[in-house]
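Everything on this sheet refers to the single structure shown next.
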Amino acid sequence: MSKIPKIAFDSNNASMIAFTIRTETNSVVEQANKMKYHFQNNTISVFGIDSESTIPVTRLKTYQPIITYQLGSMHFTPAENEEVPMESAPYFSVDPVSGDIRIDPMLGDYTEGVFTFDIVATQQRTATESIKIAHIVKQVHNVKLPSLLKFIFDQNVHLLGLNLEDFKQHLHNALKMKPTMSDISVIFGTPHVYESAGRNRSSVCFHSLRDGVILGQESAISILSATLNGGNTLSRLYQVFKVANIEPCIQPIRTLSSGLIISRSALFWTGFSLVGILILLSFCIYACFIIRYKNYLNMKKASL
5 MSKIPKIAFD SNNASMIAFT IRTETNSVVE QANKMKYHFQ NNTISVFGID
55 SESTIPVTRL KTYQPIITYQ LGSMHFTPAE NEEVPMESAP YFSVDPVSGD
105 IRIDPMLGDY TEGVFTFDIV ATQQRTATES IKIAHIVKQV HNVKLPSLLK
155 FIFDQNVHLL GLNLEDFKQH LHNALKMKPT MSDISVIFGT PHVYESAGRN
205 RSSVCFHSLR DGVILGQESA ISILSATLNG GNTLSRLYQV FKVANIEPCI
255 QPIRTLSSGL IISRSALFWT GFSLVGILIL LSFCIYACFI IRYKNYLNMK
305 KASL
């Protein structure tokens with residue numbers, strides 16, 4: 005290793021006596037003071053049939069500065085064949101601590117469409133000073149029954165639960181391959197058991213959007229039907245994932261009564277018990293008949 009050469013101080017050399025003071029602007033200081041915190045942005049919450057109302061927001065740790073959330077702006081996009089209503093939609097509020105969107109159930113009576121929210125996250129630096137650290141975009145889809153469809157799968161609901169994410173991704177890729185369908189997005193619900201005679205099928209409800217506008221059933225079927233489109237991409241995809249049909253998504257009353265459906269083993273033991281009771285009852289009746297007939301013969305013999 006080479007030694008560092010010794011350089012004698014020279015007062016006539018400006019580089020040895022000069023120094024620079026650099027001051028950072030307020031924007032640079034604020035940027036440096038911002039938390040390195042990852043927000044879950046562009047989340048979607050579906051309000052309606054077969055909906056999920058939770059929007060994930062990561063909770064803060066205790067040692068981090070306080071962050072509060074407030075609604076910055078809201079934009080409403082009506083569904084296909086719907087018009088922008090004259091009245092406002094006072095059905096939402098933002099939780100200032102978690103950033104969750106609270107939804108009034110009366111939203112179901114409002115016009116079908118997509119609500120887009122700009123939520124502002126503010127970090128409290130001192131008791132009197134705060135800075136905006138993020139703009140979080142969230143959506144709430146107010147979906148009505150006439151816009152809902154469902155895929156029918158020739159597989160049980162447990163297997164569909166394992167394959168559903170792969171099906172979503174492959175369907176997304178298939179739609180992106182066609183220029184006329186690249187702006188189509190499909191939002192899925194929760195898999196359910198599909199009641200079908202003699203077959204173990206499952207189904208999942210969904211709604212479709214074109215460029216952020218909720219489509220009706222006819223428009224969605226014309227896009228997602230492999231027969232109407234005449235393309236091999238959707239046909240191969242549906243064959244791989246065993247898609248049997250696309251039907252209107254009726255209100256899942258069957259999911260509420262599914263717990264009352266008796267399993268095959270329960271039906272077997274119930275039937276077996278009933279047969280045993282019938283056999284025992286028949287034996288008792290037969291035994292009573294034999295005893296009475298024997299008594300009759302004895303009485304007749306005694307009379308002779």
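Residues 5 to 308 (the numbering used here) are what the sequence shown spells out, left to right.
Beta carbons: idealized from backbone N, C-alpha and C, even for Gly.
As the structure is a computational prediction, the values presented were derived from the model and not from experiment.
Check whether alanine 224 and leucine 153 have beta carbons under 9 Å apart: Stepping through the sequence shown from its first residue, residue 224 is reached at position 220. Stepping through the sequence shown from its first residue, residue 153 is reached at position 149. Taking 9 Å as the Cβ cut-off, alanine 224 and leucine 153 qualify as a contacting pair.
Would you check if there are 3 or more beta carbon pairs closer than 8 Å linking the stretch 115-122 to the stretch 135-143? yes
Please list, in chain order, all residues of the same chain as cysteine 209 whose beta carbon is under 6 Å from its beta carbon, the five residues on each side excluded. Within the sequence shown, residue 209 is the residue found at index 205, counting from 1. Cβ within range, chain order: Asp54, Leu152, Lys154, Gly193 and Cys253.
Just checking my contact of asparagine 167 with serine 206 at CB under 8 Å: how many whole Å lie between their CB atoms? Position 163 of the sequence shown holds residue 167. Position 202 of the sequence shown holds residue 206. About 10 Å separates the two Cβ atoms, so there is no contact after all.
Using a threshold of 9 Å, state whether the C-beta atoms of alanine 248 and serine 239 are closer than that. As a first step, residue 248 is located in the sequence shown; it is residue number 244 there, counting from the start. As a first step, residue 239 is located in the sequence shown; it is residue number 235 there, counting from the start. Cβ distance not < 9 Å, so alanine 248 and serine 239 don't count as in contact.
Secondary structure at tyrosine 290, three-state DSSP: helix, strand or coil? Working through the sequence shown from its first residue, we reach residue 290 at position 286. Correct three-state label for tyrosine 290: helix.
Shortest alpha-carbon distance to glutamate 251 belongs to which of Ile71, Pro82 and Phe157? Here the question's residue 251 lines up with position 247 in the sequence shown. For the residues Ile71, Pro82 and Phe157, the minimum Cα distance to glutamate 251 belongs to Phe157.
For arginine 129, write down the residues that DSSP places opposite it in a beta bridge. For this step, residue 129 is matched to residue 125 along the sequence shown. DSSP lists no partner for arginine 129.
May I ask you to verify whether the stretch 177-190 touches the stretch 287-306, counting CB pairs closer than 8 Å and requiring at least 3? no
As a quick exercise: from Phe272, Asp113, Gln173 and Tyr73, pick the residue whose alpha carbon is nearest that of serine 92. Sequence index remark: in the sequence shown, residue 92 carries index 88 (1-based). Ranking Phe272, Asp113, Gln173 and Tyr73 by Cα distance to serine 92 puts Asp113 first.
Cα separation between glutamate 116 and isoleucine 105? For the purposes of this step, residue 116 is taken as the residue at position 112 of the sequence shown. For the purposes of this step, residue 105 is taken as the residue at position 101 of the sequence shown. When rounded, the distance between both Cα atoms is 18 Å.
Between the alpha carbons of leucine 282 and tyrosine 297, how many angstroms are there, rounded? Looking up residue 282 in the sequence shown gives position 278. Looking up residue 297 in the sequence shown gives position 293. Computed Cα separation, rounded: 22 Å.
With distances taken Cα to Cα, identify the nearest neighbour of isoleucine 107 among Gly165, Thr81, Phe51 and Leu241. Counting from one through the sequence shown, the residue named residue 107 turns up at place 103. The residue with the shortest Cα to Cα distance from isoleucine 107 is Phe51.
Measure the alpha-carbon distance for asparagine 233 versus proline 94 and round it to whole angstroms. Taking the sequence shown and counting its residues from 1, one reaches residue 233 at position 229. Taking the sequence shown and counting its residues from 1, one reaches residue 94 at position 90. Those two C-alpha atoms are separated by around 41 Å.
Straight-line Cα distance separating arginine 203 from methionine 181: Position 177 of the sequence shown, counted from the start, is the residue given in the question as residue 181. Position 199 of the sequence shown, counted from the start, is the residue given in the question as residue 203. If you take the alpha carbons of methionine 181 and arginine 203, they lie about 34 Å apart.
Backbone secondary structure at asparagine 45 - three-state DSSP: Locating residue 45 in the sequence shown gives position 41, where the first residue counts as 1. Residue state, collapsed to three classes: coil.
State yes or no: is the beta carbon of arginine 296 nearer than 9 Å to at least one beta carbon in chain C? Within the model displayed, chain C is absent; a lone protein chain is all it includes.
Just to confirm before moving on: does the CB-CB distance between valine 244 and histidine 174 stay below 9 Å? Here residue 244 refers to the residue found at position 240 of the sequence shown. Here residue 174 refers to the residue found at position 170 of the sequence shown. Taking 9 Å as the Cβ cut-off, valine 244 and histidine 174 qualify as a contacting pair.
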